[in-house]
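Okay, structure first, notes after.
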Amino acid sequence: MLSRRDFLQTSFAASAIVGVSGFGNWAKLSAQQKLTQNQLLDFETTGNVTLVHLTDCHAQLKPVWFREPSINIGVGEAAGKPPHISGEAFLEAYGLTSGTPEAYALSSVDFVAMAQEYGRVGGFDRISTILKSIRSDRPDALFLDGGDTWHGSMTALKTQGQDMVNVMNALKPDAMTSHWEFTYGIDRVTEIVDGLEFPFLGANIFDSEWNEPAYESHKIFERGGVKVAVIGQAFPYLPIANPGWMFPNLSFGIREERMREVVDQVRAEGAELVVLLSHNGFDVDRKMARRLPGIDVILSGHTHDALPEPVVVNDTLIVASGSHGKFVSRLDLDVREGGVKGFKYRLIPVLADVIAPDPELSALVDAQRAPFAEDLAAVIGKTESLLYRRGNFNGTWDDLICQALLEEREADIALSPGFRWGPSLLPGQDITREDIYSATAMTYPNVYRSEMTGAFIHTIMEDVADNLFNPDPYYQQGGDMVRVGGMGYTIDVSKPIGERITDMVLLKTGEAINPDKTYIVSGWASVNEGTEGPPIYDLIERYIARQGTVSMKPNTAVRMAGG
Amino acid sequence: MKLSRRDLFALAAGLGAAGLIKLPAYASDDAVEAAIKKFAGGMPKTGGVDISAPEIAENGNTVPIEVSAAGATSIMLLAAGNPNPGVGTFHFTKMNPESRASTRIRLAKTQDVVAVAKMADGSTAMARREIKVTIGGCGG
Chain A
1 MLSRRDFLQT SFAASAIVGV SGFGNWAKLS AQQKLTQNQL LDFETTGNVT LVHLTDCHAQ
61 LKPVWFREPS INIGVGEAAG KPPHISGEAF LEAYGLTSGT PEAYALSSVD FVAMAQEYGR
121 VGGFDRISTI LKSIRSDRPD ALFLDGGDTW HGSMTALKTQ GQDMVNVMNA LKPDAMTSHW
181 EFTYGIDRVT EIVDGLEFPF LGANIFDSEW NEPAYESHKI FERGGVKVAV IGQAFPYLPI
241 ANPGWMFPNL SFGIREERMR EVVDQVRAEG AELVVLLSHN GFDVDRKMAR RLPGIDVILS
301 GHTHDALPEP VVVNDTLIVA SGSHGKFVSR LDLDVREGGV KGFKYRLIPV LADVIAPDPE
361 LSALVDAQRA PFAEDLAAVI GKTESLLYRR GNFNGTWDDL ICQALLEERE ADIALSPGFR
421 WGPSLLPGQD ITREDIYSAT AMTYPNVYRS EMTGAFIHTI MEDVADNLFN PDPYYQQGGD
481 MVRVGGMGYT IDVSKPIGER ITDMVLLKTG EAINPDKTYI VSGWASVNEG TEGPPIYDLI
541 ERYIARQGTV SMKPNTAVRM AGG
Chain B
564 MKLSRRDLFA LAAGLGAAGL IKLPAYASDD AVEAAIKKFA GGMPKTGGVD ISAPEIAENG
624 NTVPIEVSAA GATSIMLLAA GNPNPGVGTF HFTKMNPESR ASTRIRLAKT QDVVAVAKMA
684 DGSTAMARRE IKVTIGGCGG
């Protein structure tokens, strides 16, 4: 193995070639309206192993708009470090210039103007073109899917993930791991997994009765004369963040000791390169890299971060490849004498107007969508504002959802989960039924209406805030803060649980929330079995149809305290 | 003879019933400290005991937990935030291949679990680990 110092020198040299400066070159070309597919895909094939990473596509088969967060606060050891920088600070940290396509892809700065200039992102026919190009350079490149693949769109929901399975099978991944996949229920997951031609990995998925492994932990590949171990890690908090009753006999968790055992096991089996295909979330991966020696590369998923360079922790490279099909990562590694001697990396932005669609995949995608064409295209209303979701505290899409919950269910307070999936819509765009599903499609969509005391609402807010802002990443679940309608509050992320949320105010009266008083609360995506109420996508459709055109004002009800 | 994990689990569950501890009906730091001192004859040093448990409980009613301490003859387990913190004490004879035991415990809320080990030479050791019990439902 290289010493840490050698490794850092190698990595800096490599990133000087293809990291920031490579990125900047195509940016300039694009500004001159000369950006071509070749420049986006240009890569000097290096070493002997190539990894291709796609993660958290959330079933977005077609190109979408996707605005990166403007607020993404890190706490503890992650404070102020990537990916917990956003907007102008992000551009500055990576030496990127605003107005360039990389600034458009990676930050929220001037999003609407940039989106109009550079167009949509993603699309599986474009992803196929990128894969084919990489495979023409390196036919045995490993293509690894980080999960959240079968869920997040109307067609995925209506086919229980079959559309995504069909499309991914055509792209021939070498392995995948999982999260939302399990929300189709264990029977459906088993049915799909039994038919997959590649392994569905999860070292941390256990049988909950005997506490024994329930899925394959890893697979060893031979690539370029190198034994490559790919270990899978599913989302650790599935039975807590999602309905555990849908997969009752499974237990997940971070299980650091289990990961240590699997790493030791694959090393003992002769692996010269150890890759962790992870759905941990970035901060959990960073902590795991710091504590567990022997992992060369972590392909990080779940928290939807997109970073133009790998983060190096000890001897581990952590790659973050974004979400919604917006990016594909290519990592070339030079593995010799049992260790990584060098690498080249490129986070390829899938700019849909620059990368040519692969006609075969276009046809396959269209075939999945054809049975639902009328539903997908139905125009329900129009938006005058940018609708987006990502950000720690609120987004205009969720503000709209909260308004709909308050009005349609005549509630005092609305709660909408802080999911990180869901594409954006530009001002002036029609809102189609497909767009509504892309922000809400799920297998537990019922909108509840119930009574809660002020004290209980405070407990919920504190609980979610601690899942996001606990200084120890192993106690974080990913996602963002629960979105709130009808109520304002102040949050101090630096405080411990129980003290972060203050000044809760009922907006319609301006009165402080009384801990002993009962309020009518409406929300969706409850993890409790038997939740009753209309599906969220139907409720949103009714509300938008009645409004005709929606217009969102900036949210001033959530205030940050303590800096 | 090498015991499988399954055998050990069954063994541990059987042993766990042996030594329940009597404590007041409410848990306080004092009660927990008193239980530790009574068992160990003073406050033990920290380290030398491993607690394996989820960081966040998937179900607070049945949280899997494993304790181990090389060379221990007994390990006491406390749930410091439960109304009654006493969980049980595992005793290990010389026939045990290692001093390791698993069980499942109920946790009323987010709290520390404490494991205190007595070694064959009379020394003692302890470890603490926070287990969070959460409402859940908003990750993704």
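In order, the protein sequences belong to chains A and B.
Throughout the first sequence, residue numbering follows this note's numbering, covering 1 to 563 in sequence.
Throughout the second sequence, residue numbering follows this note's numbering, covering 564 to 703 in sequence.
C-beta: ideal position from N, C-alpha, C; glycine also.
- When beta bridges are read from the DSSP output, K382 of chain A appears opposite A:D430 and A:T549.
- The shortest CA-to-CA distance from S438 of chain A to any of A:D42, A:L35 and A:H58 is the one to A:H58.
- Between G146 of chain A and G301 of chain A, the CB-CB gap stays under 8 Å.
- In this structure, R255 of chain A and F43 of chain A do not form a Cβ contact; the two beta carbons are roughly 35 Å apart against a cut-off of 8 Å.
- Along the length of the region 406-452 of chain A, whole beta strand (DSSP E) runs at least 3 residues long occupy 413-416 and 430-432, reported in chain order.
- Using a Cβ-Cβ distance cut-off of 8 Å, the region 212-231 of chain A and the region 268-284 of chain A are in contact, since at least three pairs of beta carbons, one from each stretch, lie closer than that value.
- By the Cβ-count criterion, R286 of chain A is buried, with 16 or more other Cβ atoms from all chains shown falling within 10 Å of its own Cβ.
- Annotation for Y474 of chain A: I254 place their beta carbon closer than 6 Å to its own, counting only its chain and skipping 5 residues before and after.
- Within the region 436-465 of chain A, the residues whose Cβ lies closer than 8 Å to some Cβ of chain B are T459, I460, D463 and V464, listed in chain order.
- The three-state reading of DSSP puts R286 of chain A in helix, counting H, G and I together.
- Chain-ordered, the chain B residues with CB closer than 8 Å to the CB of E257 of chain A read S615.
- V696 of chain B carries a coil assignment under DSSP once its states are collapsed to helix, strand and coil.
- G123 of chain A has its alpha-carbon roughly 11 Å from the corresponding atom of D353 of chain A.
- With contact defined as three or more Cβ pairs closer than 8 Å, the region 379-392 of chain A and the region 147-154 of chain A are not in contact.
- The beta-carbon separation of P423 of chain A and W65 of chain A, rounded to 6 Å, stays under the 8 Å limit for a contact.
- A residue is called buried when at least 16 other Cβ atoms come within 10 angstroms of its Cβ; A234 of chain A meets this threshold and is buried.
- The straight-line gap separating the alpha-carbon atoms of I614 of chain B and P293 of chain A is approximately 21 Å.
- With a minimum length of 3 residues, the unbroken runs of beta strand (DSSP E) contained wholly in the region 596-667 of chain B fall at 613-615, 626-631, 635-642 and 649-654.
- In its chain, beyond the 5 residues on either side, V354, I355 and A356 have a beta carbon closer than 7 Å to the beta carbon of Q37 of chain A.
- Here DSSP, grouped into helix, strand and coil, assigns E499 of chain A to coil.
- Look at N280 of chain A: its C-beta is not under 8 Å from any C-beta on chain B.
- Within chain A, the residues whose beta carbon sits less than 7 Å from that of K695 of chain B are Y475, listed in sequence order.
- Contact annotation: V650 of chain B and I668 of chain B have beta-carbon atoms nearer than 8 Å.
- Under DSSP, V167 of chain A forms no beta bridge with any residue.
- Each residue's CA atom was taken as its position, placing S107 of chain A and R67 of chain A some 7 Å apart.
- With fewer than 16 other Cβ atoms from the protein chains shown falling within 10 Å of its own Cβ, G530 of chain A counts as exposed.
- Taking C-beta atoms as the reference points, I544 of chain A and V447 of chain A fail to come closer than 8 Å.
- For T609 of chain B, the closest alpha carbon among the candidates B:I599, B:F655 and B:G623 is that of B:I599.
- Close partners of S70 of chain A in chain B (Cβ separation under 9 Å) are lacking, with about 20 Å as the shortest Cβ gap.
- Taking CB atoms only, G253 of chain A has a neighbour in chain B less than 8 Å away.
- The beta carbon of E661 of chain B does not come within 8 Å of any beta carbon belonging to chain A, so the residue lies off that interface.
- Against chain B, the CB of G244 of chain A has a partner CB under 8 Å away; the residue lies at that interface.
- By the Cβ-count criterion, S551 of chain A is exposed, with fewer than 16 other Cβ atoms from all chains shown falling within 10 Å of its own Cβ.
- Under a 10 Å Cβ-count criterion, M606 of chain B is classified as exposed, with fewer than 16 other Cβ atoms of the shown protein chains found around its own Cβ.
- The Cβ of N211 of chain A sits closer than 8 Å to at least one Cβ of chain B.
- Per DSSP, the continuous alpha helix (DSSP H) segment holding A363 of chain A begins and ends at P359 to R369.
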